[in-house]
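Below: the structure, in structure tokens.
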Ligand code: SAH
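Residue numbers (the UniProt record's numbering): 1 to 366.
Next comes the structure, spelled out in structure tokens:
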């Protein structure tokens with residue numbers, strides 16, 4: 001950490017993050033290694049260390065000569081981000097990390113360890129351009145897209161921490177990744193898709209995580225949802241619906257003025273059909289705004305008989321917001337009505353609230 005008043009390097013606006021191994025497909029890695037005057041098979045060795053062994057310590061890569069190691073590290077494994085701070089809660093099994101990127105931009109990720117799984121919530125953009133009024137990230141607007149490497153490194157760092165036993169409970173492996181940190185993943189489509197490939201390609205090309213454990217959460221960018229459906233992935237898609245009627249959704253999720261509830265749901269069903277996965281409908285319950293029983297009934301009627309599951313999220317109020325979470329009795333009634341339509345419904349566990357690690361709070365406090 002720089003001391004107060006100390007000058008730090010700030011990249012010029014618009015400068016691109018340095019190229020990283022994780023930005024590249026296996027074929028591109030070979031080319032990049034060859035361009036450095038190294039044998040193409042070094043690409044596989046490097047991938048094996050970074051993805052297969054989750055090692056970012058070149059000193060341990062004894063199958064590569066020291067001089068080559070240095071050259072490869074310098075040009076393919078630049079440090080993309082540094083930890084500004086970790087904040088933990090839940091007996092240190094929930095850990096939020098604030099990252100500083102090469103140009104001084106801040107983003108966050110959250111690691112949550114449960115008895116049966118470990119989930120990381122990661123950012124796909126610095127800031128967000130979707131402007132949802134209840135979301136802290138939305139208030140500051142979009143700074144920039146993250147590179148594939150910057151997305152993957154959040155997870156790589158989490159995996160290394162788990163492997164090193166830094167999270168209480170002994171050594172563990174990451175099982176789930178949710179694109180529910182800062183940003184709209186489908187607005188950074190190509191880089192997010194490449195990141196999914198890096199995460200799920202079998203080692204040593206990628207980390208070999210299961211696609212089924214990855215959730216892409218979207219405000220509902222219809223063309224990108226349809227494009228994603230055609231990629232042939234078995235990732236889960238979460239749709240941030242928050243209202244079943246256009247009048248209210250226009251306000252809560254402003255992109256609704258472009259793609260209406262009916263269109264967004266059609267795109268969701270198309271994804272469910274092609275991926276074979278249930279859609280997860282995200283619905284933040286906001287007191288007296290979207291939590292009325294009639295809205296639960298309307299939502300139930302719209303989505304029943306589809307492959308779907310509703311995830312109700314008690315609103316996590318953002319500083320200065322006039323909105324707050326629903327009363328417990330209204331929440332219970334909302335759940336009951338949805339279930340009476342036969343719609344599987346759960347209320348999201350709100351881990352990490354006390355560290356501002358809950359939805360939409362990431363990096364807002366700096
Ligand atoms: N842009 C994507 C992913 C990031 S937000 C999306 O909107 O889906 C992840 C989830 O957290 C979304 O469902 C979002 O609507 C929700 N969220 C944002 N701010 C929240 C808040 N203050 N309280 C509860 N949920 C919130």
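C-beta atoms are modelled at their ideal positions from N, C-alpha and C, and glycine is treated no differently.
All values reported here derive from a predicted model rather than from experimental measurement.
{"Query": "Environment of residue 14 [buried if 16+ CB atoms lie within 10 Å]", "Result": "exposed"}
{"Query": "Unbroken alpha helix (DSSP H) run spanning residue 137, endpoints", "Result": "136-140"}
{"Query": "Beta-carbon proximity check, residue 279 vs residue 296, cutoff 8 Å", "Result": "no"}
{"Query": "The ligand GTP heavy atom lying under 7 Å from the CB of residue 290", "Result": "In terms of ligand content, the structure shown lacks the ligand GTP and carries the ligand SAH instead."}
{"Query": "Reference residue 237, options 222, 283, 290, 272, closest by Cα", "Result": "272"}
{"Query": "Closer than 7 Å: residue 225 CB and nearest the ligand SAH heavy atom", "Result": "no"}
{"Query": "Contacts around residue 95, its chain only, beta-carbon distance under 6 Å, and the 5 residues preceding and following it disregarded", "Result": "86, 88, 111"}
{"Query": "Pair within 8 Å by beta-carbon distance, residue 127 and residue 141", "Result": "yes"}
{"Query": "Those residues which DSSP pairs with residue 52 across a bridge", "Result": "In the DSSP output, where bridge partners are listed per residue, residue 52 has none listed."}
{"Query": "Closest Cα partner of residue 312 within the set 321, 166, 336", "Result": "336"}
{"Query": "The stretch 302-318 contacting the stretch 248-255, beta-carbon criterion three pairs below 8 Å", "Result": "no"}
{"Query": "Residue 141: CB within 7 Å of a non-hydrogen atom of the ligand SAH", "Result": "no"}
{"Query": "Selected residue, minimal CA-CA separation from residue 98, among 122, 144, 290, 209", "Result": "122"}
{"Query": "Residue 204 vs residue 75 beta-carbon contact at 8 Å", "Result": "no"}
{"Query": "Residue 313: CB within 7 Å of a non-hydrogen atom of the ligand SAH", "Result": "yes"}
{"Query": "Check: residue 282 C-beta below 7 Å from any heavy atom of the ligand SAH", "Result": "yes"}
{"Query": "Status (buried if at least 16 other CB within 10 Å, exposed otherwise) for residue 83", "Result": "exposed"}
{"Query": "Reduced DSSP secondary structure (H/G/I, E/B, other) of residue 16", "Result": "coil"}
{"Query": "Beta-carbon spacing of residue 143, residue 105 below 8 Å", "Result": "yes"}
{"Query": "Three-state secondary structure assigned by DSSP to residue 113", "Result": "strand"}
{"Query": "For residue 26, the nearest candidate out of 147, 194, 151 (CA to CA)", "Result": "194"}
{"Query": "Through-space distance from residue 154 to residue 177, alpha-carbon basis", "Result": "11 Å"}
{"Query": "Cutoff 7 Å; reference residue 4; Cβ partners in own chain excluding five residues on either side", "Result": "Residue placement at residue 4 is poorly supported in this model, since its pLDDT is 43, which falls under 50; the coordinates are not used for a value here."}
{"Query": "Strand pairing of residue 312, partner residues [DSSP]", "Result": "283, 347"}
{"Query": "Straight-line Cα distance separating residue 165 from residue 135", "Result": "33 Å"}
{"Query": "Ranges of the alpha helix (DSSP H) found wholly within the stretch 181-235, counting only runs of at least 4", "Result": "189-200, 222-229"}
{"Query": "Residue 96, enclosing alpha helix (DSSP H) - first and last residue", "Result": "Run containing residue 96: none in the alpha helix (DSSP H); it sits in the beta strand (DSSP E), 94-101."}
{"Query": "Closer than 7 Å: residue 120 CB and nearest the ligand SAH heavy atom", "Result": "no"}
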